[in-house]
Each structure stands twice: as structure tokens, then as C-alpha cells.
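Just below is one structure, and these are the notes that go with it.
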Amino acid sequence: MTDDSAKKDQRHKQKMQNQKEKIDANIAAASQERGVMILLTGDGKGKTSSAFGMVLRALGYGYRAGVVQFIKGEQLSGEELYLKNSLPEIDFFQMGTGFTWDTQDRSADIAAAEKTWAVVEPMLKDESYHLVVLDELTYMLSFKYLDETMVIDALKTRPANQSVVVTGRGGGKMLREIADTVSEVKDIKHAYNAGIAARRGVDF
Numbered sequence: 175m176t177d178d179s180a181k182k183d184q185r186h187k188q189k190m191q192n193q194k195e196k197i198d199a200n201i202a203a204a205s206q207e208r209g210v211m212i213l214l215t216g217d218g219k220g221k222t223s224s225a226f227g228m229v230l231r232a233l234g235y236g237y238r239a240g241v242v243q244f245i246k247g248e249q250l251s252g253e254e255l256y257l258k259n260s261l262p263e264i265d266f267f268q269m270g271t272g273f274t275w276d277t278q279d280r281s282a283d284i285a286a287a288e289k290t291w292a293v294v295e296p297m298l299k300d301e302s303y304h305l306v307v308l309d310e311l312t313y314m315l316s317f318k319y320l321d322e323t324m325v326i327d328a329l330k331t332r333p334a335n336q337s338v339v340v341t342g343r344g345g346g347k348m349l350r351e352i353a354d355t356v357s358e359v360k361d362i363k364h365a366y367n368a369g370i371a372a373r374r375g376v377d378f
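Okay, so the sequence shown: first residue is 175 according to this note's numbering, each after it adds one.
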């Protein structure tokens, strides 16, 4: 080994040691044990898929999870099909109206949103749920289909050990403020914009 190579190895070792010390210190400082609220937003692809990944993570530890979807089309995704057909222990509910630009009926959409929220509320009061996913909830607030104060209060007063994942674009300032973690998925490039059709098992 040359002197130059040895110096590079030593610098690398020192850099990794410093990084490990910082990570260990951050882990030691994170002493709170409680549920968290995660907001997955932005105009990019993958918000719902990420949330469903957390559902599988919770199931891996034997925890109870619930999934409520507010706006989806008639075409079920592969994740939805798997959750509904292969994992009956998941409490899974869909608003069932499809996208609001398909229904074009605001009154009906509001009624459906309120009916769906009536399913959500008991979940957010039930401490047996380790994880609750509220897919596309942000649109219900952006379109004013649901009362924002009511939704925020329910999220803030849920059981201490319950975690909630909210997905969708936008959603407003209050939702971001009460979230413990906010991740924005940015659309840099999408095959659909190049005329490539959505692919089963990849896009849905």
C-alpha cells in the first residue's frame, strides 16, 4: 500500500468515525417514545406507495393498521388489491367515488367525504391501531369537503402511541404544522408526460 493510499484510508476512517459519532449522538438524543404524524405531499409519484410500505412494516411487527382512501379511481392498484384480498387483518376502506374530476358533483363528493370521515374518527380514537393511513386526505381539506378544524383536532387528540400517515398534494399550513415529519415528493420527470402508458405492477 502506497503512502497516498494509506492517507486516503486514514481520512476515510476518520470521516466515518466522525459521522458515526454524530449519528450515535442523534439516536441518544431521540428519547421520546410516542406515535408520530407523517405528511407525504408534493406533486411527484410514490406518496401512496410509500404509505403502504409503512403498513407492511407495521404488519411485520404484528401491529394493527387501518387504511382509508379518500380519492381514488375505479382501477384498483396492486397494493390495494393485495391489502384487500391477501391481508384481511387490515381495516381497509375506500370512499369509492373516484376522482373528483370524474364525479363533477360537489354535493355528492362532500357527502361521500363526510361518510368516509365517519369511518376515520373511530380509528383515531382507538389505541389498538398502531398505524392509520389517510390516503389523499389533503384534497378533502383543499376542496373544503371536510372541516379543517375538525380534522386537525382529531389528528392532534389521537392516542399517544398511534402514528398517522397523511398523503396527497397540498393540504394547508395547519396540517404541515402539526405533522412531526413532512416529506415532499418532487416531480422531476414522469414517463406519463412522454406518452408512456401507466404500467400494471409499477404505476398501479
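Just so you know, even glycine gets a beta-carbon here, dropped at the ideal spot from N, CA and C.
- Message: Measuring CB atoms only, is the segment 225–244 touching the segment 345–364, in the sense that at least three cross pairs come out at less than 8 Å?
- Response: Touching, no.
- Message: Tell me the DSSP secondary structure of S281 in three-state form.
- Response: Numbered from its first residue, the sequence shown carries residue 281 at position 107. S281 falls in the helix class under three-state DSSP.
- Where D217 sits in the DSSP three-state scheme: Within the sequence shown, numbered from 1, the residue matching residue 217 stands at position 43. The three-state secondary structure of D217, taken from DSSP, is coil.
- Task: Please classify I197: is it buried, with 16 or more other beta-carbons within 10 angstroms of its beta-carbon, or exposed?
- Result: As a working mapping, residue 197 is identified with position 23 in the sequence shown. Result: exposed.
- Item | Opening and closing residue of the beta strand (DSSP E) in which D327 lies | The count along the sequence shown starts at 1 and reaches residue 327 at position 153. D327: not part of any beta strand (DSSP E); member of the alpha helix (DSSP H) spanning E322 to K330, first to last residue.
- What are the boundary residues of the beta strand (DSSP E) that includes T176? In the sequence shown, the residue the question calls residue 176 occupies position 2. T176 -> no beta strand (DSSP E), and no H or E assigned at all.
- Item | Helix, strand or coil at F378 according to DSSP, with G and I counted as helix | Locating residue 378 in the sequence shown gives position 204, counting from the first residue. In the structure shown, F378 sits in coil (DSSP, three-state: anything other than H, G, I, E or B).
- Of all the options H364, Q243, K330 and M190, which has the alpha carbon lying nearest to the alpha carbon of M348? By 1-based counting over the sequence shown, the position of residue 348 is 174. For the options H364, Q243, K330 and M190, the alpha carbon positioned closest to that of M348 is the one of K330.
- Same chain, Cβ closer than 6 Å to G346, five either side skipped, listed in chain order: Position 172 of the sequence shown, counted from the first residue, corresponds to residue 346. Closer than 6 Å at Cβ, skipping near neighbours: L315.
- Query: Which whole-angstrom value describes the C-beta separation of F378 and G227, a residue pair presumed to lie in contact below a C-beta threshold of 8 Å?
  - Reply: Here the question's residue 378 lines up with position 204 in the sequence shown. Here the question's residue 227 lines up with position 53 in the sequence shown. About 16 Å; that fails the 8 Å criterion.
- Task: Give a yes or no on contact between the segment 298–306 and the segment 319–326, applying the rule of three or more CB pairs nearer than 8 Å.
- Result: With a cut-off of 8 Å, the segment 319–326 and the segment 298–306 do not count as touching, because too few Cβ pairs lie within range.
- Query: Across which residues does DSSP place D265 in a beta bridge pair?
  - Reply: If you number the sequence shown from 1, residue 265 lands on position 91. DSSP lists G240 as partners of D265.
- Task: Please report the Cβ distance between A225 and L214, rounded to the nearest whole angstrom; I am assuming they are in contact, meaning their Cβ atoms lie under 8 Å.
- Result: The sequence position of residue 225 within the sequence shown is 51, counting from 1. The sequence position of residue 214 within the sequence shown is 40, counting from 1. In this structure A225 is in contact with L214, their Cβ atoms being roughly 6 Å apart against a cut-off of 8 Å.
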